[in-house]
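Numbering (the UniProt record's numbering), first residue to last: 1 to 344. For every residue, glycine included, the Cβ atom is placed at its ideal position computed from N, Cα and C. Just below is one structure, and these are the notes that go with it.
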Amino acid sequence: MAVPTAYQGNTSAAVREWLNKGDNAWQMVSATLVGLQSLPGLVILYGSIVKKKWAVNSAFMALYAFAAVWICWVTWAYNMSFGDKLVPFWGKAKPALGQRFLIKRAALPATTHLYHNGTVETAMSTPYLPMASVVYFQCSFAAITVVLLAGSLLGRMNIKAWMAFVPLWLTFSYTVGAFSLWGGGFLFQWGVIDYSGGYVIHLSSGIAGLTAAYWVGPRTASDRERFPPNNVLLVLAGAGLLWMGWAGFNGGAPYAANIDASMAVLNTHVCAATSLLMWTTLDVVFFKKPSVIGAVQGMMTGLVCITPGAGNTPNLRTRRRRPGILIPPSPFTEIYQLLTSTNV
1 MAVPTAYQGN TSAAVREWLN KGDNAWQMVS ATLVGLQSLP GLVILYGSIV KKKWAVNSAF
61 MALYAFAAVW ICWVTWAYNM SFGDKLVPFW GKAKPALGQR FLIKRAALPA TTHLYHNGTV
121 ETAMSTPYLP MASVVYFQCS FAAITVVLLA GSLLGRMNIK AWMAFVPLWL TFSYTVGAFS
181 LWGGGFLFQW GVIDYSGGYV IHLSSGIAGL TAAYWVGPRT ASDRERFPPN NVLLVLAGAG
241 LLWMGWAGFN GGAPYAANID ASMAVLNTHV CAATSLLMWT TLDVVFFKKP SVIGAVQGMM
301 TGLVCITPGA GNTPNLRTRR RRPGILIPPS PFTEIYQLLT STNV
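Structure (structure tokens):
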């Protein structure tokens, strides 16, 4: 077998013949970019977007969640999300720390299609990188899911309660969605497609956040009436890190440095920019002036709405901008109606 040019002269036993340095490097960079969204991105954003009295607690909620998810993930949660099937929506819990497991070639369970009789229709995809890179990338996804959920509880939840909540929610909620869609579970077999976390990450954290906020209860009346950020510049800094990190969020989903990754990154930025400008325009139309918080909300709306199909969206003229134009009016209207008509 011919030795690829990139490996000529490299006789290290650690370099496997199936390893693609470019794919592996991009996967680790993508995972790190996603990690930077949480730490320091959302730590800064949460600490600055709330009142000063909640700043430290809010930032620490994000920091703690990031650390706790890491330990839970490699100890039991990874295999509950991507391991051998226990039930149609859950994998078998076990550690993902064994050397043999981490250095072997990666395998993606959610690429194996089965016929109705259980026989294999499409063989499992095996990207040119080690399992260690997949565990790292998916841990960054799991961590940011819990950190995003924390945004619904800023100024509402005691840090001790949050410390208990994080591992429980990761174990009994996140792993179910991850295995069902990305681990080859029943939703994947039904044909449900989630390119990079629209369901597994954004929908699950959003529904969980709304539910948690409802049961924890509203903030005090005075806090609901006036809830200014304590540092607008840091809000923008945190939002900027979140936006730039999304290149890894969607760009790492193909598990390769390929055309799909390039399309996903480009579509992500175009949709986010369009959504931000659309939300700002709505602020001007309805409130006669633009808003920093509104712009950040618009940016996040665009990033979230493009995620399920970032690598599948046709990159043709106006088509890549349509999600950014059509999506913002709906959450814009719903958010302001919700805030004025409920106590959540």
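Within the same chain, show all residues whose beta-carbon is closer than 8 Å to that of residue i, passing over the 5 residues directly before and after it, in chain order.
| i | result |
| --- | --- |
| residue 162 | 61, 64, 65, 150 and 153 |
| residue 234 | 44, 45, 47 and 48 |
| residue 24 | 128, 129, 130 and 133 |
| residue 228 | 51 |
| residue 222 | none |
| residue 84 | 91 and 92 |
Would you say residue i and residue j are within 8 Å of each other, going by their C-beta atoms?
| i | j | result |
| --- | --- | --- |
| residue 91 | residue 82 | yes |
| residue 143 | residue 77 | no |
| residue 245 | residue 34 | yes |
| residue 195 | residue 177 | no |
| residue 32 | residue 248 | yes |
| residue 42 | residue 209 | no |
| residue 182 | residue 139 | no |
| residue 257 | residue 264 | no |
| residue 36 | residue 255 | no |
| residue 170 | residue 72 | yes |
| residue 216 | residue 156 | yes |
| residue 299 | residue 243 | yes |
| residue 361 | residue 179 | Residue 361 falls outside the range modelled here, since the chain spans only 1 to 344, and no answer is possible. |
| residue 96 | residue 135 | yes |
| residue 241 | residue 40 | yes |
| residue 218 | residue 226 | no |
Identify, in the order they occur along the chain, each residue of the same chain with its Cβ nearer than 7 Å to the Cβ of residue i, setting aside the five sequence neighbours on each side.
| i | result |
| --- | --- |
| residue 38 | 62, 66, 143, 144 and 147 |
| residue 68 | 166 and 167 |
| residue 93 | 76, 79 and 80 |
| residue 27 | 129, 133, 137, 252 and 255 |
| residue 29 | 248 |
| residue 192 | 181 |
| residue 205 | 145, 148 and 149 |
| residue 213 | 152, 153, 156 and 344 |
Give me the DSSP bridge partner(s) of residue i.
| i | result |
| --- | --- |
| residue 108 | 125 |
| residue 50 | Per DSSP, none; premise fails for residue 50. |
| residue 91 | 85 |
| residue 130 | 105 |
Tell me which same chain residues have a C-beta within less than 6 Å of the C-beta of residue i, skipping the five on either side of it?
| i | result |
| --- | --- |
| residue 302 | 271, 272, 275 and 324 |
| residue 105 | 18 and 126 |
| residue 354 | Nothing about residue 354 can be read from this structure; the chain reaches only from 1 to 344. |
| residue 304 | 202 |
| residue 58 | 46, 47, 50 and 154 |
| residue 283 | 290, 291 and 294 |
| residue 86 | 92 |
Using 8 Å as the Cβ pair cut-off and three pairs as the minimum, do the stretch 185 to 193 and the stretch 284 to 304 touch? no
Which full runs of the alpha helix (DSSP H) of 4+ residues lie inside the stretch 246 to 321, going along the chain? 259 to 287 and 292 to 306
Which whole runs of the beta strand (DSSP E) in the stretch 192 to 228 are 3 residues long or more, in chain order? None, since the stretch 192 to 228 contains no complete beta strand (DSSP E) of that length.
Please go through the stretch 19 to 69 and give each complete alpha helix (DSSP H) segment of 4 or more residues, from N-terminal end onward. 21 to 36 and 43 to 49
Taking only runs that begin and end inside the stretch 138 to 189, name each unbroken alpha helix (DSSP H) of 4 or more residues, in chain order. 159 to 169, 175 to 181 and 186 to 189
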